[in-house]
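For reference, the structure is listed below as structure tokens.
Protein chains: 2
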Amino acid sequence: MNQNFDEKCKSRGLSITVQRQQVYETLMEDKSHPTVDAVYMAVRKAIPTISRATVYRTLETLADEGLIQRVLHPGSSARYDGNPAPHAHIVCKVCGKTEDCMDSDLNPMSYPSRSSTGFSITECEITYRGVCPECQRKAQA
Amino acid sequence: MNQNFDEKCKSRGLSITVQRQQVYETLMEDKSHPTVDAVYMAVRKAIPTISRATVYRTLETLADEGLIQRVLHPGSSARYDGNPAPHAHIVCKVCGKTEDCMDSDLNPMSYPSRSSTGFSITECEITYRGVCPECQRKAQA
DNA sequence: GTCCAATATGAAATCTTTATAAATTTTTTC
DNA sequence: GAAAAAATTTATAAAGATTTCATATTGGAC
């Protein structure tokens with residue numbers, strides 16, 4: 000199916016399963032930062048018997064392995080992003096829509112030094128919150 | 000109790016209630032970025048009959064008014080920070096401990112321009128994820 | 001192909017959070 | 001201050017999100 004993905008699993012000691020392949024492929028095709036449930040619904044079209052628990056576990060596993068990334072969403076359900084490269088996100092606090100934020104004027108992400116925190120840092124997430132154009136329009140009406 | 004807090008409520012048109020006062024005071028005293036449940040447990044010592052729903056609602060209200068701030072926590076429960084000023088956080092992905100991240104070498108937060116996104120942005124959140132010193136030690140053992 | 005380890009399933013359990021209606025408290029008005 | 005109006009709290013339930021668990025199935029090494 001996706002040779003690249005299979006190799007990445009293999010190199011990490013993960014078994015290659017149809018469920019993992021399908022979840023990954025679905026996320027690569029859906030750029031909307033879908034919720035777990037949205038991924039579950041999409042994957043069911045290909046694997047009708049897949050369990051919701053499997054989708055949860057698979058997404059978590061792939062994120063732990065750095066193949067995808069988890070995107071936070073205030074007070075609501077988790078979302079995932081098929082692009083594992085660090086980049087900022089912008090979330091509408093009315094409808095929850097989540098988009099990449101690629102403004103080149105933004106300061107580049109920097110990491111705190113190990114010495115100052117004692118943490119070993121592996122991920123950085125920047126989230127802007129606001130109101131998307133559509134919800135602004137609806138609010139005016 | 001806290002004159003300052005009472006005034007802030009008044010200026011925002013919020014009623015002053017013992018529940019709000021106590022939730023706010025609890026959060027000011029607890030610098031650990033507690034979960035809603037932790038706040039609920041602490042406030043119960045002062046107001047044993049307080050409802051969990053009230054704590055949820057109160058924290059949300061105070062955050063909406065900018066008196067406190069909500070801190071995201073990947074896939075888990077929300078946490079709150081009594082300091083409403085924007086600052087980065089660092090979260091341990093093993094135990095969930097959340098700390099302020101005040102490294103002065105970090106790039107300052109910048110906001111994307113309105114024109115590039117169409118969003119009206121009100122909040123920015125920076126979260127680093129990694130493993131805290133304690134959990135690193137435990138993992139070695 | 002056989003076997004063992006890893007993974008998936010399905011249902012239930014466990015959080016976490018929100019909604020609702022009735023009761024209470026605050027604020028406003030006089 | 002007392003009464004009326006508005007806002008808030010309570011308690012319960014419901015909804016939603018996520019995890020757990022025992023069992024069944026599958027993948028990969030041999």
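Each protein sequence line maps, in turn, to chains W and B. Going by numbering that gives the first Met the number 0, the residue at position 91 of the first sequence is 90; the numbering climbs one at a time, nothing skipped. Going by numbering that gives the first Met the number 0, the residue at position 9 of the second sequence is 8; the numbering climbs one at a time, nothing skipped. From the three backbone atoms N, C-alpha and C, an ideal C-beta is built for every residue, glycine too.
Residue i, enclosing alpha helix (DSSP H) - first and last residue
| i | result |
| --- | --- |
| R51 of chain B | R51 to D63 |
| Y110 of chain W | No alpha helix (DSSP H) holds Y110 of chain W; DSSP gives it neither H nor E. |
| D5 of chain B | Q2 to S10 |
| D29 of chain B | Run containing D29 of chain B: none; DSSP gives neither H nor E here. |
Status (buried if at least 16 other CB within 10 Å, exposed otherwise) for residue i
| i | result |
| --- | --- |
| I125 of chain W | buried |
| T97 of chain B | buried |
| C94 of chain W | exposed |
| R78 of chain W | buried |
| K137 of chain B | exposed |
| A62 of chain B | buried |
| A141 of chain W | With chain W running from 0 to 140 in the structure shown, residue 141 of chain W is simply not present. |
Pair within 8 Å by beta-carbon distance, residue i and residue j
| i | j | result |
| --- | --- | --- |
| L58 of chain B | V38 of chain B | yes |
| Q20 of chain W | F4 of chain W | yes |
| D36 of chain B | S76 of chain B | yes |
| T116 of chain W | C100 of chain B | yes |
| S31 of chain W | Q135 of chain B | no |
| Q18 of chain W | I49 of chain W | yes |
Beta bridge counterpart(s) of residue i as assigned by DSSP
| i | result |
| --- | --- |
| Q143 of chain W | The structure shown does not extend to residue 143 of chain W, since chain W is modelled only from 0 through 140, so no value can be given for it. |
| E122 of chain B | W:R128 |
| V90 of chain B | B:T97 and B:R128 |
| T25 of chain W | None, per the DSSP bridge assignment. |
Do the segment 20-27 of chain W and the segment 41-51 of chain W meet, that is, are 3 or more Cβ pairs less than 8 Å apart? These segments touch.
Inspect the CB distances between the segment 5-14 of chain B and the segment 120-129 of chain W and report whether three or more fall short of 8 Å. Between the segment 5-14 of chain B and the segment 120-129 of chain W there are fewer than three C-beta pairs closer than 8 Å, too few to call the two in contact.
Cβ pair count under 8 Å reaching 3, the segment 50-68 of chain B against the segment 77-90 of chain B: The segment 50-68 of chain B is in contact with the segment 77-90 of chain B.
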